[in-house]
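Residues 476 to 1432 in this note's numbering are what the sequence shown lists, from first letter to last.
For each residue, glycine too, the CB sits at the ideal point set by N, CA and C.
Below you'll find the structure, written out as structure tokens, and then a few comments.
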Amino acid sequence: MKHQISFLAFLLSSFLSFAQNPIGMPDIVNYDNTTYGGGTHNWDIQQDKNGVLYFANDEGLLTFDGSRWKIYPLPNKTIVRSIKIAADHKIYAGGQGDFGYFAPDDNGKLTFNSLKPKIPKSYSSFADIWNIQYAGKAVFFRTENAIFRWLNNKITVFGTNSKWLYLGMANNEIIAHDKAKGLLRLVGENWLPLLKVPVSPSFTISSMCPYGNGDILISSLTHGLQVISTDQMNPIKEAAHIPNITNTCNVNESTLALATLNNGFFLIEKNGKELYHLSKNTGLQNNSVLSLFKDNNNNIWLGLADGISFIASGNALKHINPPIFDNASGHTSIIYQNNLYVGLSNGIYKLPLAHRGDISLAQANFTPVVNASGQAWGMNVLNGKLLLGRHEGAFEELNNQAVPIATGRGYWNFVELPAANPLNHSILSGNYNGISIFNYQNNQFKVVGNIGNFSESARFVIPDGNNIWVSHPYKGVYKISLSGLKTTNVSLYTNKKGLPSTFNNHIYRVKNRIAVGTEKGVYEYNAKSDRFEISSFFTPIFGERYVRYLKEDAQGNIWFIEEKKLGVAQFDGKSYKLLYIPELNGKTLGGFEHINCIDKNNIIIGAQKGFYHLNFERYLGRYGKQQVRISLVKASGKTDSLLFGGYFGDVNENAPQKTKHRIKHSLNSFHFEYSSTFTKNKANTFYTCYLKGFEDNWSALDKKTEKDYTNLPAGHYTFMVKTQDNLGNESPVATYEFTILPPWYQSIVAYVVYVLIFLGIIYLVYKRQQRKITNQRIAFQKEQEHTKYMHQLEMDKSDKEIIKLKNEKLELEIETKNSELASNTMHLVQKADLMSKIKTELFKLKKELKDDSQAADFNKIIRLLNAEEKSDESWEQFTVHFDKVHVDFLKHLKDAYPTISSNELRLSAYLKMNLSTKEIAKLMKISPRGVEIGRYRLRKKLNINGNVNLFEFFNAF
């Protein structure tokens, strides 16, 4: 019971002696609360099918997707005591005074939905929800006073007269522990006893799980492990030494994982045999384990009283670093007479091997070799004897003791120098000051001399016929030519003789070739040119990589160290393929690299702290599929907008994307977060991304778990991400589709407006062009008219000249005729005056005549004169001349004014000629007064105002 655990954690402590751990321990990754950003206690653990882990934490629901931690508090900010992912794919969570479920909202972000309002009011006040279980569609929540069942959108309450102490499920049955009635199972609506004999009131259950064949495994804080078979409960006596068990789970058919309140974590077989024990002394943050969970990859997660620990129990890579090593550096290792010998910076140790399977599982203790403390450099088996190269000298291992052969200088290694006589082989030993020569006679090794003319440190020594090759880390490569054991020549090869550099050259025998690992690839010696050249054999394998170490295994693979990265060139019988082991990047010991290829199940690698053991066969065939998920999509501009919170469907389903967002253009910068939920071998996981619609290819593999795109143009996009491990295994592609809407000035409405504006512009341009054409036509017409006018002017000018001449001629004629008319008129006037004077004189003469006959003649003459005066011939003659001068003036006047009289016509003619009143009176033989009267009458008849001059009127007529 978790509430009891929290109190007992401070009360219980004990020191117990347990079985030996295996030498190879799984890696432990510890997460403290500052890392995951939550509370210290982690009460329960779950994982969904997509690989996301969930923790019941003091501060809420804590999630981990393999890269990022997130915390989701309850609305009342209380502790989350229990969680369970039920059949409806919801995460049910129990807190203090509230319970409900977390489910994704429309944007895929987890939100809490409380079920407390569904509880009957009489049970609405409760404390902690300690356990959550489900069976079918029903979900059960346990408090001390009630068990709530959520089914068909309804809460059913199972009360108790005592206390509910535990709620679990096994074999599809809901099982509860009632303090008074013992263990009960739910059948329909009733709780029936599970055991024939109820458990004692002091019995406290901490966990429950199936145990095979219908049995149930129960752990207890006070009674260890118990198995319920049929209706009886019996203890597992083999595990009785493990007290205060808080949780259990099945790792596989034969293995159990146990969590304890104050003694860490145990892995045991079902028969009770302990496989290993992890505690604070072996890497855990603390010994108080509140929750235990086996993930989808068979790794173990521990919820601690202060933090979270991850145990990579499913890994093929184990760390060999028992306390006796004291974190010393691992330099060398070898198997000799069914013992594993390891040489470290603080001594040489021995481990007996009971079998030759996976050495990391050996459950035995390393013991120090006597007289072998201090720096150990190399170990070799020659002539059936184990030789030890140490800082203090050369030693032989005899009966677990280091027996000195040669002292006074440090020795690196030992290698056999082949000779014609197999019984007379010499042994070369590279040391700090050259190469020593040993002979093996009478079951003893003796120094017989040194290689002459050579006194450099010789850690890397390779015999090659009559030559010995020695590489020096900063001077180059030496070739020592021998005749027998006498030196005939020593040659130094540096960058002047083909090597890319004088520094960092390391010589090895691989594939029966003398190979030098350099900063620019692997080189081989060309005897004809007496130079080193880039190797035609190794270059297709390694290229120009900086190779520091080479080692060939029995399968033909070539193990290598490139700078600080461990890898292997896998040989398939025809070609090589490079495979890196990134879990060990930076963990090997630079300058003192060591790889011991015992067999395909046992590769031992020297490390900065102890050794690492790699089961290579298991590593290549490791189970579990790569898996990747997009955990967050955020669009940003002037503000940020969460588009996707990590879930397309429910938490426990792998649903496709349903909502494909259409994002306004102002939010056209995107941030994507993604992760691999494959927590096993996280160092091997690499990511590659591709934004379809924007990019042409997938990005290069890297370790980044986020991607940003800024100022994306409008369009439809699909963001894709996948993972790949160092073996070339790829995950399915995770995708997220979205559309960036065009800016307002590129929207459909805008384009309609643009079209309308364009059409308007075209119309305006057309109208303008039309006006221009019209104006041009008008201008042309005007120009034509102007031209015509000018032409007409020219014509008119000519015509005017002609007319002028004609007019001048006419005027001359008119003047002539007017002169003639005026002369005739004056003649008539003078004739009238003359006749008047003649008549007057005749009357005077008549009066003086006395003869009547003469008077009669005078009268006759006077009558003739009167007749002449009254005669109209002169007028008719006048009108003829007048009409010639003034074309049909009298006729037009008569036509315009039909009532005008002949005297008035005559008056009008005289007025047109601008004759004076006196002259008119003489012509008309009336008095001037009569002329004025005639003028007046004529005005009335012509309807002319008195202000109008008659001469001007007739001239204008």
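Along the alpha helix (DSSP H) that carries Arg1414, what are the first and last residues, could you check?
1403-1417
For Pro893, decide whether its Cβ has a neighbour in chain B, counting only Cβ atoms nearer than 9 Å.
Here there is only one protein chain, and chain B is not present.
Residues of its chain near Met476, where Cβ-Cβ distance is below 8 Å and the 5 sequence neighbours each way are ignored:
Annotation note: pLDDT 41 at Met476 (below 50); position unreliable, coordinate value reported separately. Answer for Met476: Trp605, Leu640, Tyr641, Thr679, Ile680, Ser681, Leu696, listed in chain order.
So for Met1310, helix, strand or coil by DSSP?
helix
Roughly how far, in whole angstroms, is the beta-carbon of Asn875 from the beta-carbon of Lys793, given that I think they are within contact range, below 8 Å?
In fact, because the Cβ distance is near 25 Å, the residues do not count as touching under 8 Å.
Local conformation of Glu1181 per DSSP, three classes
strand
Between which two residues does the alpha helix (DSSP H) harbouring Arg1381 extend?
1377-1387
By Cβ distance, which residues of its chain are closer than 7 Å to Ala895, with the 5 residues on each side in sequence left out?
Because the pLDDT of Ala895 is 46, which lies under 50, any placement of that residue in the model is unreliable, and the number read from its coordinates should be weighed accordingly. Closer than 7 Å at the Cβ level, and outside the excluded window around Ala895, lies no residue.
If you compare alpha carbons, which of Lys1321, Ala1029, Ile1105 is closest to Ile1073?
Ala1029
Can you list, in chain order, the residues of its chain whose CB lies under 7 Å from that of Ala714, leaving out five sequence neighbours each side?
Gly699, Leu700, Ile743, Gly747
Roughly how many whole angstroms lie between the Cα atoms of Leu1320 and Lys1306?
20 Å
Taking DSSP's pairing of strands, which residues face Asp939 in a bridge?
Asn942
Just tell me which of Leu759, Asp1332, Ser1273, Trp776 has its CA closest to the CA of Cys724.
Trp776
Separation of Gly778 from Phe913, as counted between CA atoms:
59 Å
Buried or exposed, going by whether 16 or more other CB atoms sit within 10 Å of the CB of Ile1253?
exposed
Alpha carbon to alpha carbon, what distance is there between Ser704 and Gly782?
36 Å
Unbroken stretches of the beta strand (DSSP E), 3 residues or longer, contained in the stretch 712-793:
720-725, 730-735, 740-744, 749-753, 764-769, 775-779, 782-786
Using 8 Å for Cβ pairs, my map puts Gly575 next to Leu590. What's the rounded Cβ distance?
4 Å
Close beta carbons around Gln521, own chain, < 6 Å, minus the five adjacent residues each side:
Tyr529, Ile558, Ile560
Unbroken beta strand (DSSP E) run spanning Phe1046, endpoints
1040-1046
Which class does His981 belong to by DSSP, given the choice of helix, strand or coil?
strand
Taking 9 Å as the threshold (C-beta atoms), are Val726 and Asn773 in contact?
yes
What are the partner residues of Trp1034, as DSSP defines its beta bridges?
Lys1026, Val1043
From Ile566, Gly570, Asp563, Pro501, pick the residue whose C-alpha is nearest to that of Gly535; which is it?
Gly570
Residue range of the unbroken beta strand (DSSP E) whose run includes Trp1390
It should be pointed out that residue 1390 corresponds to Leu in this sequence rather than to Trp. Unbroken run through Leu1390: none, as it is neither H nor E.
What is the DSSP secondary structure of Asn928, reduced to helix, strand or coil?
coil
Alpha carbon to alpha carbon, how far is Asn858 from Asn918? Give it in angstroms, no decimals.
9 Å
Cβ-based burial, Ile786 [other Cβ within 10 Å; buried from 16]
buried
Opening and closing residue of the alpha helix (DSSP H) in which Lys1366 lies:
1364-1371
Where does Pro975 land, buried or exposed, given buried means 16+ other C-beta within 10 angstroms?
buried
Who are the Cβ neighbours of Phe616 in its own chain at under 6 Å, not counting the five residues just before and after it?
Gly569, Phe574, Ile604, Ile607, Phe623
Would you report the Cα separation of Gly1081 and Ile809, rounded to the nearest angstrom?
12 Å
Using the Cα positions of Asn722 and Leu692, report the straight-line distance between them to the nearest angstrom.
11 Å
What does the Cβ neighbour count give for Lys1003, buried or exposed, with the cut at 16 atoms within 10 Å?
exposed
Does the beta-carbon distance from Val644 to Ala602 come in below 9 Å?
Inspection of the sequence shows that residue 644 is occupied by Met rather than by Val. No, they are not a contact pair.
Out of Thr515, Gly513, Asn525, which has the shortest C-alpha to C-alpha gap to Asn1129?
Asn525
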